[in-house]
Amino acid sequence: MNNFEKWFDFCIFVELIMDYKLGIDIGSTTVKMVLSDSDGNLCFSDYRRHNADPQTACIAMLKRAFQSVDDANVQTVITGSVGMGYAARLGLPFRQEVLAAFKYIQTKYSQVHTFVDMGGEDCKMIFFDEGRVPDMRMNGNCAGGTGAFIDQTATLLGVETASLQDLAVRSTGLYPIASRCGVFSKTDIQNLLSRGVSKEDIAASMFHAVAMQVVSALARGMDIKGKVFFSGGPFAFLPELVKHFIQVMHLQTDDCIVDRYAQYVSAWGCALLSEEEKKMKVSELLSLWEKKHPTEKIEGSLPQLFSTKKEYETWLAGKQTLKVKRGDFERQVFLGVDSGSTTTKLVILNTKGELVYSDYRYNNGNSFQTFVDMLSRMRSVCPFGDDLQIVRSCATGYGEGLLKTAFNLDYGIVETMAHFMGARAVDEKVSFVLDIGGQDMKAIFVSNGSINRIEINEACSSGCGSFIMTFAEQLGYSIEQFAEMACFARQPYDLGTRCTVFMNSKVKQALREGAKVDDIAAGFSYSVIKNCLYKVLKLQSVSELGKNIVVQGGTFRNHSVVRALELLTSTTVSFSDIPELMGAYGAALYALGRCS
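Using our numbering, you'd call the opening residue of the sequence shown number 684 and step up by one each time.
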C-alpha cells in the first residue's frame, strides 16, 4: 500500500469516528435542526413546519441529517416551547432558548448589543451591556408581534406567508393596523380591502405594525443600539419585515445583523452547548425517536353542559320568559341600528314600542353597504312601502359614526347605554348585563336601576364571538353546528384562556390527544366565560353580579356559552328571545324615547 492509499484510508477512518453535535429547536409551529462537527462548523441544517406532529418531522429530518455520517457518535441538546416535553420523554438534555441563542451570539457575534428573536408564538428582545446581566423581555399571552400573527394576515389576504415579502416590496403607502390582536387586525384588514387598498400596502402596513408592537411592548426603558441581531424564521424569510424594524428603531442598515442562518440560531446554539453531553450512536438516537412514547395525559375534562337532550329542553323552556313585545308595522316607526365589527343589527319599533321588524347580517368588512341592503330589504317587506316614515333613528356600535353621518341618522349612543336600555326593557330588576359581541365584551354592573360600573375588554379579543366562529370554520363546521355539538359533549376539553391566535396550537394538541370535536366545541364555550371572569372582570366574588343577570349579544345565541356561565358561577342567568339584537333594540328604544 503506497503512502497516498494510507492517507486516504486514514481520512475515511477519521470521518467514521468523528463526533457530531446536534441541536434541535422544536417550536410551536416549526422544527429547526443543526448538525455540526466537533468544532461547531455547520454540516447540516433543516427547517420545516411540523403541523402539530413534531415527532414525525424530527424523524424525517434526522434521517436526512445522518445520511452521510454512518453510525457516528452524536451529542444532542433540545430547546423550544414544545421541545421541553420531548426532551423529558426521550431523556435528552434541554436548554432554554435564550441560553442557546446567547451561546450562538457569544460565539459568532460578540459585538451584539440588542437581540431580537421572533418565533411562531413568541417574540423576545435581549439587551447585552458589558458588566451587567443580560436583560430579557418577552411577549406574554398575546400573539401581537409573532410569526403566528403574520401567518394569519397571509391567510386573510389569501396568499402564502412567503408571498407577503413580494407584496410588501411593491408597497407605496402605509395604513394603521391593530397589531396587538390578530382578530382586531382582521377587522382593520377587511375594512382596508373593502376600501380598495392594495394587498401590497396591507402587507407592508402589517410589517410596520408588527415592528411597532414589538418595539413598544418589549423595549420599554432600554436604548436600542447597534449591533442589533435579528433571529428567527420571519426575519430570515421576510427581509421587508427587517426593514420596517430598522425604520421603527431609527437605526441604519449597518447597525444591524441578519445572519444567513437566522432561523437556526437557537438550534445552532444547542449544538454548541452539547459539548459536555452524553454521546450516542446515530442508530441509538434514531431508535429513541422512533419508539412510541406515551403522550402527555389529557387534561381533566370540564363538567358536561347538558347530559341529555331532555335536560336541555327543560332548561331552555325555563329561560324563555324575557320576551320582547311584538306588533305590526305602522306608518310611523323608529329605527335602531347596531353596527358591529363583524355584524350589523337592525330593529324597527312602532309607536307603542313593539318590535315589528329586525335583521341581522355579517357585514364582511363593509358596514355601509350592509346597512343599505338591510334598509332596502326592510322597505320591500313593509306594507307601507315608500310611504313609511322613520320618525327618529339612532345608531350604536363600532360603525356608529359612519352610519350616523352617511345616512343622517338622528342620534348616536354608546354601546353600553344601548345594551343597558335593552336589558332593562326586558328585566326591570336587572343587576348585571354581560354583552359579548364579535370582537368586544362589555360588562355592566347595575344598582337601583342605574349603571355604577362598566368593564370592557381592551386589546384582546380572546373569548369574543369571532373567537368561536373562527375555530368552528377551521374545523369544518357552521357556528350553529358547533354550538349544538358543544351542548351535548361528554368530556368538554379545558382549553384555558389564551390568545385567539395561540389557541390554534392548543386545539391541535387536544386533537392529538384524542379529544373529539364536540369536546373541543364545549371547551370553547367554557373558555369564553373564563376569559370574561378571569381576564376582563377579575371578579372577587360572584355576589358582585347580583341576582338578576342578563346576557346578550350574538355569542349568547350559543346556549352552551350561557350554560357554561351558569356552571362556572353557580348562578342562574336570563336572556331575551333576541339576544343578538339587544344593542339595536336599545338604540331603537332611545330613538322612541326622544320623541315622547
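Ideal Cβ placement from N, Cα and C applies to all residues, glycine included. Nothing here was measured: the structure is a model prediction, and the numbers come from that model.
Item to check | Own chain, CB closer than 7 Å to T1026, minus 5 neighbours either side, in chain order | outcome: Y1043, R1044, Y1045, N1046, G1121, G1237
Checklist entry - Secondary structure at E843, three-state DSSP: helix, strand or coil? => result coil
Checklist entry - DSSP three-state call for N734: helix, strand or coil? => result coil
Item to check | Per DSSP, the bridge partner or partners of M821 | outcome: According to DSSP, which records beta bridges pairwise, M821 is partnered with K807.
Item to check | Opening and closing residue of the alpha helix (DSSP H) in which F912 lies | outcome: No alpha helix (DSSP H) contains F912, which is instead part of the beta strand (DSSP E) from 911–914.
Item to check | Buried/exposed call for V1244, threshold 16 Cβ in 10 Å | outcome: A buried status is given to V1244, since no fewer than 16 other beta-carbon atoms sit within 10 Å of its beta-carbon.
Item to check | K1213 burial status per 10 Å Cβ neighbour count (16 or more: buried) | outcome: buried
Item to check | For I709: DSSP bridge partner residues | outcome: V714
Item to check | Proximity to S854 [Cα-Cα], best of R815, I860, D884 | outcome: D884
Checklist entry - Does the distance from the C-beta atom of I872 to that of L839 stay below 8 Å? => result yes
Item to check | Sequence-distant residues of its chain with Cβ nearer than 7 Å to I1096 (five each side left out) | outcome: C1077, T1079, A1270, Y1273
Next on the checklist: Quick check on the DSSP output: what are the complete alpha helix (DSSP H) runs of length 4 or more inside the region 1226–1279, in order along the chain?
Outcome noted: Fully enclosed alpha helix (DSSP H) runs of 4 or longer: 1242–1252, 1265–1278.
Next on the checklist: Please list the terminal residues of the continuous beta strand (DSSP E) segment that includes A945.
Outcome noted: Premise fails: A945 is in no beta strand (DSSP E) and is neither H nor E.
Item to check | Cα-Cα separation, G856 to S888 | outcome: 8 Å
Next on the checklist: So, at 7 Å on beta carbons, what are the nonlocal neighbours of M1104 in its own chain, with the 5 sequence-adjacent residues on each side left out?
Outcome noted: G1269, L1272, Y1273
Next on the checklist: So P922 and I833 are supposed to be a Cβ contact under 8 Å. How far apart are they, rounded?
Outcome noted: Incorrect: roughly 13 Å between the Cβ atoms, too far for contact.
Item to check | R1173 versus K704: straight-line alpha-carbon distance, rounded | outcome: 47 Å
Item to check | Reduced DSSP category for L1092 - H, G, I as helix; E, B as strand; rest coil | outcome: coil
Next on the checklist: Using the three-state DSSP reduction, which class does I1162 fall into: helix, strand or coil?
Outcome noted: Helix.
Next on the checklist: Quick check on the burial criterion: 16 or more other C-beta atoms within 10 angstroms. Buried or exposed for R1075?
Outcome noted: Looking at its Cβ environment, which holds 16 or more other Cβ atoms inside 10 Å, R1075 is buried.
Checklist entry - If you draw a straight line from the C-alpha of E960 to the C-alpha of N756, how long is it? => result Spanning the two alpha carbons is a distance of roughly 11 Å.
Item to check | For N1091, the nearest candidate out of S764, L1018, L1228 (CA to CA) | outcome: Selected option, being the one with the closest Cα: L1018.
Checklist entry - Is D708 near G803, with beta carbons less than 8 Å apart? => result no
Checklist entry - In terms of residues, what are the limits of the beta strand (DSSP E) holding S1022? => result 1015–1022
Item to check | Reduced DSSP category for I860 - H, G, I as helix; E, B as strand; rest coil | outcome: Coil, per DSSP.
Checklist entry - The beta strand (DSSP E) with R1044 in it runs from where to where? => result Element bounds for R1044: 1038–1045.
Item to check | Terminal residues of the beta strand (DSSP E) in which D1118 lies | outcome: First-last of the beta strand (DSSP E) with D1118: 1115–1119.
Checklist entry - Per DSSP, which one or two residues make a beta bridge with D720? => result Y703
Checklist entry - Helix, strand or coil: which one does DSSP assign to T1079? => result strand
Next on the checklist: Under 8 Å, with one C-beta from each stretch per pair, do the region 802–821 and the region 924–942 reach the 3-pair mark?
Outcome noted: Short answer: they don't touch.
Next on the checklist: For S818, which residues in the same chain have their Cβ closer than 6 Å to its Cβ, ignoring the five residues on either side in sequence?
Outcome noted: With the sequence shown as reference, residue 818 is identified as Asp, and Ser is not the correct amino acid for it. Same-chain partners within the cutoff: F810.
Checklist entry - Where does Q758 sit, in a helix, a strand or coil, going by DSSP? => result strand
Item to check | Nonlocal neighbours in the same chain, by C-beta distance under 7 Å from S1133, ignoring five residues either side | outcome: none
Checklist entry - Going by alpha carbons, who is nearest to S1050 out of V760, H933, S984, R878? => result Nearest C-alpha to S1050: R878.
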